[in-house]
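2 protein chains.
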Amino acid sequence: MNIALDAMGGDHAPEAIVAGAVEAARIYGVTVSLVGQPNVIEAELKKHDTKGLNLPIVPASQVIAMDEKPAAAVRAKPDSSMVVGCKMVKRNEAQAFVSAGNTGGVLAAGILHVGRIKGILRPALIGPFPTLRGVCLILDIGANADVRPEHIQQFAIMGSIYAREVIGIEKPRVRILSNGEEAGKGNQLVIESYKLLEQTPSILFEGNIESKEIPTGLADVVVTDGFTGNIFVKTAETTARLMTQVITEEIKKSPLAMLGALLARRSLQRVRERMDDSHYGGAVLLGLSSLVIVAHGRSNALAIRHAIRVAKQAIEQDVLTKIQRGIAALESQKAAVPDESISI
Amino acid sequence: MNIALDAMGGDHAPEAIVAGAVEAARIYGVTVSLVGQPNVIEAELKKHDTKGLNLPIVPASQVIAMDEKPAAAVRAKPDSSMVVGCKMVKRNEAQAFVSAGNTGGVLAAGILHVGRIKGILRPALIGPFPTLRGVCLILDIGANADVRPEHIQQFAIMGSIYAREVIGIEKPRVRILSNGEEAGKGNQLVIESYKLLEQTPSILFEGNIESKEIPTGLADVVVTDGFTGNIFVKTAETTARLMTQVITEEIKKSPLAMLGALLARRSLQRVRERMDDSHYGGAVLLGLSSLVIVAHGRSNALAIRHAIRVAKQAIEQDVLTKIQRGIAALESQKAAVPDESISI
């Protein structure tokens, strides 16, 4: 199994990226192809013991920065690590490509150099969100800042297939993120998407969901535009970190509380582990015809290691074939019984 | 001081609303006029000791439910508690109106029966968000699900005036909520609003802000559309509650940790108090020509009590005159030096 990794992308590239690759190659026994500037990568690799690990370097002379305009950068830099990585999965030289770089850049490189699954208008980032009952899949969490109702409809279809085929939920319950649970609440996009989702027979649509209901496990799949989804995910991460900080501050004010925290330290460690998003690793860019995983821009080595784990599992579970098969089944239904309500 | 309260609005109306009014009248020494169906309110008042408290009943025969279409409901129900409450502040029979009812309904009733400050296109809900350095004001947190860039510009102007005049921040730093900190990141609304905000001389605009930077105190005022703002605020609330639940679960698994939690209980209580949004009470509906405060739909008695406290403080600080004066100053500047970049 060969997983291509964008060694140049991310807030902490290349240090954290290469460090994560070394960990992943050791722990998961996979080949991690480091895509980027060879001298930079070699210098990082020297900091680690890489004996016996499969960490080939794939040269790419250009780098797409975090703040570059995605589409323009991808066109202007054909030898960037992002473009080279996408071309590797397209030619099946690697079974997945992982990048913590500019999300818009990965999306643009993916659309241009990997290509979409037939019928898919917009690939979307799907990420798991922990609930008290298990996990809720949210898409789009950042690929498309502006979308139309027909895109949301496709997100719902792709998310349902992913939940069924990858997570094993027989009838995934789908809801749309809104500012109120009642039908009719929401912005124009939500209100129009709601109508379209109601008329989509291939999904089990159960209406609006407020963010407060996501942790209760009310839905298996939550659809939203990539702007709102991104704000949702980042706000949840931030609040969890803020709360940890507030707890630490308050405990430090009292010696008795500090003793208490010492006694409870293993429990508090488990809380940190449950809330630490480094373990989620990465989000699959669903709708491309090869596997592309987007890791958080601020990924540390642990997050990169877990993003590679997500890629490995997606390869083992054959996520791509399952999604393609699910979309193809919908397409053939459409061909047999023309159904205007499905606009894919 | 007379504060009108919508006794019929909110998930826990009328019980929690009347209970909160009784507490507020006792603790803050204000008159709270209970607007709604007299028999219902009287039945609730009987559950409390109201001796010596000023809690007059103002009859309103109709109720606007949480799930009604706002504008239509306000037109169809001229004797609803929301409409009657708004008319009271318009006629200055009360100095503020507080409602935990359907936010869209309060907004519609406010626009129709209170009226906007001259020049204001859309009133916006402004709410305080705790940061590690103090407080950040966010608007709109729920009044307008769909807005245009010129509305965002007005939110920035109103928010700046509020921060300066009410909170006492001399030069409030304004940012726009986005999915990336770099200029150019965001959805179409953010990108277009950004350009307009850059050209607004009456505010100190410092660019985009990601939700993760709000708790660090990077901005004094954060502007956003009411849909995104609402998702942001609710997600933060929800994550804080979820984390409390996770901590409790993990601690209960170990007797040693339970002892630890017992020793740290006063510190944990302070954490709960710092994170409990019941203490924020309500958000001011900025841009109306009388004071209207919107409390959370799920307000309990404590939240209602604090919403009345917010109203009392807003009256004492003369928030309304300050905002009107600030807007008027901008208007007169506009008249003196025509500036197309300010579209109010």
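Protein chains in written order, with our numbering: chain V, 1 to 344; chain F, 1 to 344. Heads up, the beta-carbon is just placed ideally off N, CA and C, and yes, glycines get one too.
Item                                                                                                                                     : Value
Neighbourhood of methionine 1(F) by C-beta distance below 7 angstroms, restricted to the same chain and skipping five residues each side : Val30, Thr31, Gln95, Lys312, Ile315
Alpha-carbon spacing of arginine 173(V) relative to phenylalanine 205(V), whole angstroms                                                : 6 angstroms
Residue nearest to isoleucine 161(F) in terms of C-alpha spacing, selected from Asn230(F), Met258(F), Ile138(F)                          : Ile138(F)
Residues near leucine 291(V) in its chain [Cβ-Cβ closer than 8 angstroms; skip 5 each side]                                              : Val89, Gln95, Ala96, Phe97, Val284, Ala311, Ala314, Ile315, Val319, Leu320
Rounded straight-line distance, which links the Cα of serine 254(V) to that of arginine 309(F)                                           : 31 angstroms
Whole-angstrom distance between alanine 13(F) and alanine 25(F), CA atom to CA atom                                                      : 18 angstroms
Residues of its chain near glutamate 23(V), where Cβ-Cβ distance is below 7 angstroms and the 5 sequence neighbours each way are ignored : Ala301, Arg305
Under the three-state DSSP convention, the category leucine 256(F) falls into                                                            : helix
Within-8 angstroms CB hit, proline 128(F) to chain V                                                                                     : no
C-alpha gap between alanine 264(F) and glutamine 188(V), whole angstroms                                                                 : 47 angstroms
Inside the region 16–40 of chain V only - beta strand (DSSP E) runs reaching at least 3 residues                                         : 31–36
C-alpha gap between cysteine 86(F) and arginine 272(F), whole angstroms                                                                  : 34 angstroms
Same chain, Cβ closer than 6 angstroms to methionine 66(F), five either side skipped, listed in chain order                              : Asn102
Proximal residues, the region 227–240 of chain F versus chain V, C-beta separation under 8 angstroms                                     : Phe227, Thr228, Asn230, Ile231, Phe232, Lys234, Thr235, Ala236, Glu237, Thr238, Thr239, Ala240
7 angstroms CB neighbourhood of threonine 216(V) in its chain, flanking five on each side removed                                        : Thr131, Leu132
Closest by C-alpha distance to leucine 125(F), when choosing among His113(F), Gly134(F), Ser99(F), Lys118(F)                             : Ser99(F)
Through-space distance from aspartate 140(V) to valine 147(V), alpha-carbon basis                                                        : 10 angstroms
Per-residue burial, asparagine 179(V) [other beta carbons within 10 Å of its own, 16 or more giving buried]                              : buried
Three-way DSSP call (helix, strand, coil) for isoleucine 214(V) in this model                                                            : coil
Interface residues of the region 177–196 of chain V facing chain F [CB-CB below 9 angstroms]                                             : Leu177, Ser178, Asn179, Gly180, Glu181, Glu182, Ala183, Gly184, Lys185, Gly186, Asn187, Gln188, Leu189, Val190, Ile191
Residue-chain proximity (isoleucine 64(F), chain V), Cβ-Cβ < 8 angstroms                                                                 : no
Whole-angstrom distance between arginine 116(F) and serine 341(F), CA atom to CA atom                                                    : Confidence in serine 341(F) is poor, its pLDDT being 41 and thus under 50, which makes the residue's placement too unreliable to answer from.
8 angstroms Cβ cutoff, methionine 8(F) in contact with chain V                                                                           : no
Cutoff 8 angstroms: proline 123(V) Cβ touching any chain F Cβ                                                                            : no
Continuous alpha helix (DSSP H) assignments of at least 4 residues falling wholly in the region 262–328 of chain V                       : 265–275, 301–316
Selection of the region 245–259 of chain V by Cβ proximity to chain F, strictly under 9 angstroms                                        : Gln245, Val246, Ile247, Glu249, Glu250, Ile251, Lys252, Lys253, Ser254, Leu256, Ala257, Met258, Leu259
Contact set between the region 43–69 of chain V and chain F, restricted to residues whose Cβ is under 8 angstroms from the partner       : Met66, Asp67, Lys69
Cβ-based burial, aspartate 220(F) [other Cβ within 10 Å; buried from 16]                                                                 : buried
Cβ neighbour criterion (16 or more within 10 Å) applied to asparagine 144(F)                                                             : buried
DSSP beta-bridge partners of alanine 124(V)                                                                                              : Leu286(V)
Beta carbon proximity, aspartate 146(V) to chain F, threshold 8 angstroms                                                                : yes
Start-to-end residues for the beta strand (DSSP E) that takes in leucine 96(V)                                                           : Rather than leucine, the amino acid found at residue 96(V) in this sequence is alanine. Residues 96–99.
Buried/exposed call for arginine 175(F), threshold 16 Cβ in 10 Å                                                                         : buried
Identity of the residue in Asn54(F), Leu45(F), Leu5(F), Val135(F) nearest proline 27(F) by Cα                                            : The displayed chain sequence assigns isoleucine, not proline, to residue 27(F). The shortest Cα separation from isoleucine 27(F) among Asn54(F), Leu45(F), Leu5(F), Val135(F) belongs to Asn54(F).
Within chain B, partners of serine 267(V) - CB distance below 7 angstroms                                                                : Checking the listed chains, one finds no chain B in this structure; the protein chains it contains are V and F.
Paired residues, beta bridge with aspartate 6(F) - DSSP                                                                                  : Val35(F)
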